[in-house]
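Right, one structure below, let's go through it.
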Amino acid sequence: NYYGRTAVGAHAMASVNLALWDIAGKACDRPVYQLLGGPHEKRFRAYCSILFGDTPEETYELGRRFADQGFTAVKFGWGPMGRDEKTDIALVREARRGVGDDVDVLIDAGQVWDWKTALKRAEQFTEFRPFWLEEPLHPEDVSGYARLCERSPVPIATGEAEARYQDFEKLLVEGQVDWIQPDPGRCGISTMVDVGRLAHRLHRRVVNHSFKSGITIAASLHALAAVPHGEVFEYCMSDSPLRHALTRERFEVKDGYVSVPEGPGLGVTIDEETVENFLVR
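Residues 1 to 281 in full-length UniProt numbering are what the sequence shown lists, from first letter to last.
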């Protein structure tokens, strides 16, 4: 469910939070990351975020294509993952083969297993050196995450479905996850920064979940810049026109990195013509 576990209302509240930070930054003529106490970093290593191919062979071709574009990390998600053991292993093997030895492979399982199966897959995937294994379990299975993270040879990431601070906290403290993934489109900038700082205190890592629009890309960059030890950044490669045209600004990946906007507020301008074209009346 794209709206996560707290429904569309959380998205609406998050959008207000993003808008208020943008207004505050523009009123002060400063980028949002400065209002948040940053920057700790001003650019982040972008990982290309795509779906698995329908077959291992298609997954290989996707990996090769995006590695050739200069990405130093590629995440493959959902699709056929979880169909059966043989397919799962073949998908990850071909993902690694496609990107080559020098590019990180990230795996998004899409909530398909229980913790015992996830542990088995993590052990089976180790030869392919995954950077992390994302959302192997349902987000409510906190006890399963705790069991998995205690034993997994691969770092575990989750959190994109959450909107409330206490739910992120539960995953970090009780679930013991290695990477927490707040989405500012669901939780807002304020909660994302608070969660990132909690992760830092617990010696865990934070990374954005961002899907499609330039608004959430900008919000994620500002929030990560305000948190210590940011490293990677989810960079969705969807071909949706809303991803490319909702803001006038583009976020180019240069030498494998994406930079935080320097303009006032979020540093982006809404393309009103695009809004008009996609408006539902």
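A virtual CB, placed ideally from N, CA and C, is assigned to each residue, including glycine.
Note that the structure is predicted; figures quoted are calculated from it, not measured.
If you draw a straight line from the Cα of S213 to the Cα of D239, it comes to about 11 Å. In the DSSP assignment, S210 falls outside any alpha helix (DSSP H), carrying neither H nor E. Residue pairing by DSSP leaves R250 without any beta bridge partner. The alpha-carbon of S220 is positioned some 25 Å away from that of Y145. By the Cβ-count criterion, I270 is exposed, with fewer than 16 other Cβ atoms from all chains shown falling within 10 Å of its own Cβ. Residues of the same chain with a CB within less than 7 Å of the CB of T59, apart from the 5 flanking positions on each side, are F52, G53, F76, L91, E94, A95 and G98 in chain order. A residue is called buried once 16 or more other Cβ atoms fall within 10 Å of its Cβ, and A67 is buried on that count. Rounded to the nearest whole angstrom, the CA to CA distance from H203 to G70 is 30 Å. Beta-bridge partners of R43 (DSSP): S259.
Here T158 carries a strand assignment [DSSP, helix/strand/coil]. One thing to note: W78 has its Cβ no nearer than 8 Å to the Cβ of D29. Given a length threshold of 4 residues, each whole run of the alpha helix (DSSP H) inside the segment 93-146 is given here in chain order: 115-125. Runs of the alpha helix (DSSP H) spanning 4 or more residues and lying entirely within the segment 214-239 occur at 214-225, in chain order.
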